[in-house]
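Shown next, in structure tokens, is the structure this report addresses.
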Amino acid sequence: MTVHNLYIFDRNGSCLYYNEWNRKKQAGISKDEEFKLMYGMLFSIRSFVSKMSPLDMKEGFLSFQTSKYRLHYYETPSGLRFVMNTDLSVPNARETLQHIYSNLYVEYIVKNPVCVLGQSLDSELFSSRLDAYIRALPYYSPRAA
Amino acid sequence: KIKKNRWVKKKKKSHNILLTLTGLWPGCTLLFWLWSNPKGYNIGVRLIEDFLARSSIGRCQDFRETADVIAKVAFKMYLGVTPSVTNWSPAGDEFSLILENNPLVDFVELPDNHSTLVYSNLLCGVLRGALEMVQMAVDVKFSQDTLRGDNVTEIRMKFIKRIEENLPAGDDSQHITCTHLCTL
């Protein structure tokens, strides 16, 4: 049971934060390209999902899974996007991502007048609290299942 | 001379109220003294995140729902008052928020040489900035103000347009997505 990595994007597509805990394989492209690819994919999949939905949709895209990992997605109405990759034992990380938004991002970044919104988050307090929170999750362990 | 002293005294009292209101925003206390729209805007763009985090409210379906959320949830949460939502335009794109009492001005009196000052203009900036972060461009202004002699305080809000989300400028992310997917 583990968390592999986490991305935070803002409404303009810039990656504000990225960290990894348990990533065995890299994408083979530069980090900048990886962030653009991730954001572009999410943008495409969200509009695809809403276009092709056979019913009226409320939340939209939530997650996808492969044979090895699951990608969880949470977006706030203000356009902030949280993306977390975990292994398959985690069915739903929505609450986790909501907690990261409400209790970590809003508390340590938004409420900090020194932190400029829209730029890379460089608050050490935020990083360390986030790291502690991830490691304390019930489904986290240093080794993948 | 006496008038000047009275103004200073009132300023101190309202400072206390504002400090209470801004308890969670250490750097922003000073901003309340710079009562202009741009400053309110800067507060608004951050306030919306706090609001979304604490209220867990999702996207509103239309402008009417937005008006209700602003009046019943947001104003209540931050200023402790619930304005009434009235005077809808026939097109449904404009409404008024009527406040019997504006908590920002409870202890404030405008001196004679500033009798036309829109003291609470800050609120307009806050609303405008907050709504812009949730994809709505609005125009907000005070049409009545108790501080300037009217019976009630009336804030008029007009929906201008929905702000569409854009892909980042420069490299086309969708293009990169397709290209990479094709080479896998």
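The listed protein sequences derive, respectively, from chains A and B. 237 is the number of the first residue of the first sequence in our numbering; add one for each residue after it. 13 is the number of the first residue of the second sequence in our numbering; add one for each residue after it. Backbone N, C-alpha and C fix where the C-beta goes; we use that ideal spot for every residue, glycine too. Remember, predicted model here, so these are calculated numbers, not experimental data.
Check for me: the beta strand (DSSP E) holding S108 of chain B runs from which residue to which? Taken as a continuous stretch (DSSP letters only), the beta strand (DSSP E) holding S108 of chain B covers E106 to L111.
Classification of D268 of chain A by the beta-carbon crowding that lies within 10 angstroms, buried from 16 upward: In summary, D268 of chain A is exposed, with fewer than 16 beta-carbon neighbours lying within 10 Å of its beta-carbon over all protein chains present.
R259 of chain A (DSSP reduced to helix, strand or coil): Coil at R259 of chain A, not helix or strand.
Interfacial residues, the segment 338–360 of chain A to chain E, with Cβ spacing under 9 Å: Given the protein chain composition of this structure (A and B), no chain E is represented.
Consult DSSP for K355 of chain A and reduce its assignment to one of helix, strand or coil. In the sequence on display, residue 355 of chain A carries Gln and not Lys. Three-state DSSP puts Q355 of chain A in coil, outside helix and strand.
Looking at chain B, which residues of the segment 296–325 of chain A have a Cβ within less than 8 Å of any of its Cβ atoms? Contacts with chain B (Cβ-Cβ distance below 8 Å) from the segment 296–325 of chain A involve T312, P313, S314, G315 and L316, listed in chain order.
Need the endpoints of the alpha helix (DSSP H) that L134 of chain B sits in, please. Residues N133 to E144.
Outcome for I336 of chain A when other beta-carbon atoms lying within 10 angstroms are tallied against a minimum of 16: By the neighbour-count rule (16 or more Cβ atoms within 10 Å), I336 of chain A is buried.
Which residue from A:F279, A:Y310, A:S303 and A:S299 puts its Cα closest to that of S68 of chain B? Here the closest residue by C-alpha is A:Y310.
Report yes or no: is there a C-beta of chain A within less than 7 Å of the C-beta of R76 of chain B? Output row for R76 of chain B: interface = no.
Less than 7 Å between C-beta atoms, sequence neighbours within five positions excluded: which residues of the same chain meet that for P95 of chain B? Annotation for P95 of chain B: A83, F87, L109, I110 and L111 place their beta carbon closer than 7 Å to its own, counting only its chain and skipping 5 residues before and after.
Does the beta carbon of D80 of chain B come closer than 7 Å to any beta carbon on chain A? Closer than 7 Å: no.
Status (buried if at least 16 other CB within 10 Å, exposed otherwise) for M145 of chain B: Label assigned to M145 of chain B: buried.
Going by DSSP in three states, V152 of chain B sits in which element: helix, strand or coil? In this structure, V152 of chain B counts as strand in the three-state DSSP scheme.
Proximal residues of chain B, C-beta to C-beta of R247 of chain A below 8 Å: Using a Cβ-Cβ cut-off of 8 Å, R247 of chain A is close to M145 and E177 of chain B, given in chain order.
Check whether the Cβ atoms of N321 of chain A and Y341 of chain A lie closer than 7 Å to each other. Contact: no.
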